[in-house]
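**Student:**
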Amino acid sequence: MRQHLSSKTASRLVRATMFWLLAISGAMPAASYANATTTVSEFALTLNNASDKVAYAEKADGSAQSVYEKANSAVVFVETDQGSGSGVVVESKGLIVTNAHVVEDARSITVELQGKKYQADVVSQGSSRCLDLALLQIRSQNSLPKLNFTSLNAVRKGQQVFAIGYPQGIKPSSITQGIVSNIYTELGYIQTDANLNHGNSGGALLNSQGELIGINTRKLDADSNGINLAISSEKVQAFILAYKQGLSPSIGQYLIPASQTNTRLAQKLSLNGRESNGRITTGDNLVCVDKSHANIYSFEGKADEPIMIEMFSQQIGSYLVLLAPNGEIIAKGSSEDRNKIARISNNLPQTGTYTLVANTLKPQETGTYRLRATIPLLVQQDKIDRSTPSCLKDGSPCRSYVFSGKANQTITIQLHHSDFEPYLLVVDSDRNVISKGKLERQASVSVKLPHNGNYRLVVSTANPQDRGQFSLSVYTLVENFSANEVSHK
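One gets the working numbering by counting positions in the sequence shown from 1 and adding 201 to each.
1. Should N496 and A439 be called a contact, given that it needs their Cβ atoms to be closer than 7 angstroms?
2. Take K637 and list the residues in its own chain whose beta-carbon comes closer than 6 angstroms to its own, dropping the five residues that flank it on each side.
3. Give the range of the alpha helix (DSSP H) segment to which Q610 is assigned.
4. Are the region 338 to 347 and the region 447 to 463 touching, with three or more C-beta to C-beta distances below 8 angstroms?
5. Who pairs with Y319 in a beta bridge, going by DSSP?
6. Please classify Y385 as buried or exposed, where buried requires at least 16 other C-beta atoms within 10 Å of its C-beta.
7. List the endpoints of the continuous beta strand (DSSP E) containing F500.
8. I'd like to know whether the C-beta atoms of V298 and A275 end up nearer to each other than 7 angstroms.
9. Any chance the region 357 to 376 sits against the region 282 to 296, with 3 or more Cβ pairs inside 8 angstroms?
10. Buried or exposed, going by whether 16 or more other CB atoms sit within 10 Å of the CB of D647?
11. Going along the chain, which residues of its own chain have a beta-carbon closer than 8 angstroms to the beta-carbon of Y656, five neighbours each way excluded?
12. Can you check whether the CB of Q454 is closer than 7 angstroms to the CB of S546?
13. So, at 6 angstroms on beta carbons, what are the nonlocal neighbours of G669 in its own chain, with the 5 sequence-adjacent residues on each side left out?
14. Rounded to whole angstroms, what is the Cα-Cα separation between V255 and V277?
15. So, with DSSP's three-state summary, where would you put S674?
16. Please go through the region 347 to 378 and give each complete alpha helix (DSSP H) segment of 4 or more residues, from N-terminal end onward.
17. Here's a check: name, in chain order, each residue in its chain whose Cβ is nearer than 7 angstroms to the Cβ of Y520, leaving out the five neighbours to either side.
18. Give the DSSP bridge partners of S433, in chain order.
19. Hey, is N478 close to the ligand ATP, as in C-beta under 6 angstroms from one of its heavy atoms?
20. In the DSSP assignment, find the alpha helix (DSSP H) that holds Y269 and state where it starts and stops.
21. Looking at the unbroken beta strand (DSSP E) that takes in V659, where does it start and where does it end?
22. Any idea if V490 is buried or exposed, counting beta-carbon neighbours within 10 angstroms, 16 or more meaning buried?
23. Note down, in chain order, each residue of its chain lying with its Cβ closer than 7 angstroms to the Cβ of D583, except the 5 sequence neighbours on either side.
24. Give the secondary structure of A467 by DSSP, where H, G and I count as helix, E and B as strand, and everything else as coil.
25. Would you mind sorting E435 into buried or exposed? The rule is 16 or more other CB atoms within 10 Å of its CB.
26. Distance, Cα to Cα, A504 vs S325?
27. Return the CA-CA distance between Q610 and T677, expressed in angstroms with no decimal places.
28. May I ask which residues mark the beginning and end of the alpha helix (DSSP H) holding V304?
29. Between the region 587 to 597 and the region 471 to 490, can you find at least three pairs of beta-carbon atoms closer than 8 angstroms?
30. Any idea what DSSP makes of G606, helix, strand or coil?
31. Which complete beta strand (DSSP E) runs does the region 531 to 556 hold, if anything under 3 residues is left out?
32. Could you check which residue in S597, L448 and Q666 has the C-alpha nearest to that of A659?
33. DSSP state of K294, grouped into three classes?
34. Buried or exposed for A355, please, with buried defined as at least 16 other CB atoms from any protein chain shown within 10 angstroms of its CB.
35. Tell me the DSSP secondary structure of Y455 in three-state form.
36. State the Cα-Cα distance for the pair P564 and E412, rounded to the nearest angstrom.
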């Protein structure tokens, strides 16, 4: 219906609305009058007649029109098979930021920009329960309009802000205005009283210069009135940086990246077996599940490559989480006590950039730790059950694995987890026994290899009737942690 309004009719509507506003303003508190003015501004900016827009914007708030005209072209309409929301172009090549909850569980995503529709791919996605951000990529032959970020340090309580988006999925976009009510630096939230409704999610929160200070996300709770939240520009930029540096596309589902003063969000993890030192402080990345703090590392891995990563600290309980290039958690390791080693030992599922989260076991903990990563000779997770064939003289079931070794090389065979008392046997390619014997369920044994070649490791049960799962590693370390106890949960 709006498209069929004549210039005269539209002008009458504006005058009638303003008359109604003025008539009741004497009975309304100042705050209510400001909200009503915002509503009329939003209505005026959706009218077709340009002269009416200009005339009203000058009377109400000239900066609202200026911000809208500067920023609106970079705020997009996001539609999925589950619903709709808003988004913001942050790179002219088609990178768009929106809320994770706008695209969660969506099978198809369409972005509408300046009347044109594009199919969009999700390239990184957080979670509404953690960092409510997602990155979309569209393909366009043209350089797209984009918004520039401003620093959270430049945002002040009480400053005027503007929200642009598509509330209730209604097009064209609308603009509302308000102030910054509060700033939650660690969590990365900006609270505003600018009116936000369903569909504004993923849209832009702007300063008076039309710069992006945040991405609108949600109300504080379902019953809140005027308590609306946006994710700060620094958290958005950290999320984009994680994507550009090849970190897990699901990193925002587990932790909120810290605002970085340098250009690297993650430290590079070397796989040479040497120790590196780390420190977890209250300013580091925030783990969503318990609000503990963590450091992020990354390394390049190959499909089927064995990997072993260890974390040791005398000051904190250690916790490790390894994320695959596709975003899945593939391994966890922890030590409940200080002076114990948290260990991850796995075969990598695919080639690409892996993300490691080094975390404290308890939320309030901070302190130093040491980290070591190496490519072991063998990593295996397996089980001995009723179907496992016997291979020893006493009829005990067993599994066997082959690895390559060198003359005079001292290897460590580590049982990280075992449901039974293991019996180990190491033989060379000529079937000469190099080492054999019973081992405790979570223990290690060192073996010096006599020559170059392939060796076979046989894992059996000390009690022929026992069955269960186990995991093991065979490795050579450059140096040892100064710890005697090992824990793996």
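Glycine included, each C-beta is placed from N, C-alpha and C at the ideal position.
**Tutor:** Answer, in terms of the structure:
1. Position 295 of the sequence shown holds residue 496. Position 238 of the sequence shown holds residue 439. Their beta carbons are not under 7 angstroms apart, which means N496 does not touch A439 by this criterion.
2. Reading the sequence shown from its first residue, position 436 is the one you call residue 637. So the qualifying residues of the chain are L626.
3. Here the question's residue 610 lines up with position 409 in the sequence shown. For Q610, there is no enclosing alpha helix (DSSP H), as DSSP gives it neither H nor E.
4. no
5. Position 118 of the sequence shown holds residue 319. V312.
6. Numbered from 1 along the sequence shown, position 184 holds the residue referred to as residue 385. Exposed, since its Cβ has fewer than 16 Cβ neighbours within 10 Å.
7. For this step, residue 500 is matched to residue 299 along the sequence shown. Looking at the DSSP string, the run of the beta strand (DSSP E) that includes F500 is H494 to G502.
8. Residue 298 sits at position 97 when you count from the first residue of the sequence shown. Residue 275 sits at position 74 when you count from the first residue of the sequence shown. Their beta carbons are not under 7 angstroms apart, which means V298 does not touch A275 by this criterion.
9. yes
10. For the purposes of this step, residue 647 is taken as the residue at position 446 of the sequence shown. For clarity, residue 647 is Ser in the given sequence; the question names Asp instead. By the neighbour-count rule (16 or more Cβ atoms within 10 Å), S647 is not buried but exposed.
11. Locating residue 656 in the sequence shown gives position 455, where the first residue counts as 1. For Y656, where only same-chain residues beyond five positions count, the Cβ hits under 8 angstroms are V603, F604, S605, G606, V627, V628, D629, S630, I635 and L650.
12. Numbered from 1 along the sequence shown, position 345 holds the residue referred to as residue 546. Numbered from 1 along the sequence shown, position 253 holds the residue referred to as residue 454. No.
13. Looking up residue 669 in the sequence shown gives position 468. Same-chain partners within the cutoff: D620 and F621.
14. Taking the first residue of the sequence shown as position 1, residue 255 is located at position 54. Taking the first residue of the sequence shown as position 1, residue 277 is located at position 76. Confidence at V255 is low in this model, with a pLDDT of 36, below 50, so its placement is unreliable and the value that follows should be read with caution. Their backbone Cα atoms lie some 23 angstroms apart in a straight line.
15. Locating residue 674 in the sequence shown gives position 473, counting from the first residue. Strand at S674.
16. none
17. Locating residue 520 in the sequence shown gives position 319, counting from the first residue. Closer than 7 angstroms at Cβ, skipping near neighbours: S535, A543, N560, T561 and L562.
18. Sequence index remark: in the sequence shown, residue 433 carries index 232 (1-based). S433 is bridged to G415.
19. Of the ligands one can find in the structure shown there are none, so the ligand ATP has no counterpart to examine.
20. Within the sequence shown, the letter at position 68 stands for residue 269. Annotation for Y269: the continuous alpha helix (DSSP H) segment containing it runs G263 to A272.
21. Translated into the one-based positions of the sequence shown, residue 659 becomes position 458. Under the DSSP assignment, V659 falls in the beta strand (DSSP E) whose first and last residues are G654 to T662.
22. Counted from its first residue, the sequence shown places residue 490 at position 289. V490 is exposed by the Cβ-count criterion.
23. If you number the sequence shown from 1, residue 583 lands on position 382. Result list for D583: R600 and F671, in chain order.
24. As a working mapping, residue 467 is identified with position 266 in the sequence shown. Coil, per DSSP.
25. Stepping through the sequence shown from its first residue, residue 435 is reached at position 234. By the 10 Å Cβ count, E435 comes out buried.
26. Your numbering for residue 504 matches position 303 in the sequence shown. Your numbering for residue 325 matches position 124 in the sequence shown. Their backbone Cα atoms lie some 22 angstroms apart in a straight line.
27. Translated into positions along the sequence shown, residue 610 becomes position 409. Translated into positions along the sequence shown, residue 677 becomes position 476. The alpha-carbon atoms of Q610 and T677 are separated by roughly 8 angstroms.
28. Counting from 1 along the sequence shown, the entry for residue 304 is found at position 103. Element bounds for V304: A301 to V304.
29. no
30. Reading the sequence shown from its first residue, position 405 is the one you call residue 606. Three-state DSSP puts G606 in a strand.
31. 541 to 548
32. Position 458 of the sequence shown, counting from 1, holds the residue named residue 659. According to the sequence shown, residue 659 is Val rather than Ala. Measuring from the Cα of V659, the nearest candidate turns out to be S597.
33. Taking the sequence shown and counting its residues from 1, the one referred to as residue 294 is at position 93. Correct three-state label for K294: coil.
34. Sequence index remark: in the sequence shown, residue 355 carries index 154 (1-based). Looking at its Cβ environment, which holds fewer than 16 other Cβ atoms inside 10 Å, A355 is exposed.
35. As a first step, residue 455 is located in the sequence shown; it is residue number 254 there, counting from the start. It is coil, neither helix nor strand.
36. By 1-based counting over the sequence shown, the position of residue 564 is 363. By 1-based counting over the sequence shown, the position of residue 412 is 211. Cα to Cα, P564 sits roughly 35 angstroms from E412.
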